[in-house]
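Asker:
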Amino acid sequence: MSEYFASLDMMTAWTVLITGVVVVFAVLLLLIFIIKIYSTIVYNIQNKPKKTKKNNDDDDTPKGTGVGGGSASAKTSGGVSPEVLACIAAAVEFMYGAGNVRIKNIKKAPARRAWGNAGVLANTRPF
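Residue numbers for the sequence shown follow this note's numbering, beginning at 107 and rising by one.
#1: Roughly how many angstroms separate the alpha carbons of Gln152 and Ser145, rounded to a whole number?
#2: Which class does Asn153 belong to by DSSP, given the choice of helix, strand or coil?
#3: Would Ala119 pass as an interface residue toward chain C - the criterion being a Cβ-Cβ separation below 8 Å?
#4: Assuming Ile209 and Val198 form a contact by the criterion Cβ under 8 Å, report the distance between their Cβ atoms to the nearest whole angstrom.
#5: The alpha helix (DSSP H) spanning Val226 covers which residue range?
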């Protein structure tokens, strides 16, 4: 009779073990599926095409300012104000010297987290 109970306990142990492993992997697969769907939704929301304004200006003419006696246009392709264009022109003039540089176009650089990454690195370095 003791052999019967020993084999029954071993059979129950294997059943519990196999059931536990199957349940754990099923839940892991379900979590992977949920995370994939969530990341797809967030990616689509963040990369939604932005509405652009129609610009009546000619695309052939360069935007911006000329360093040597040029004037700043009121509206640029990047939405940069004339004051900012004047500051950029003055900085370029100062860096490169007397009037041999002409700024034809100014575009905004893509948003990067240079200072944010520097802060993260400074605060998470090991001792």
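Idealized CB from N, CA, C, for every residue including glycine.
Answerer: Checking against the coordinates, here is how it stands:
#1: 10 Å
#2: coil
#3: The chain inventory of the structure shown lacks chain C, comprising one protein chain alone.
#4: 6 Å
#5: Ala220 to Thr230
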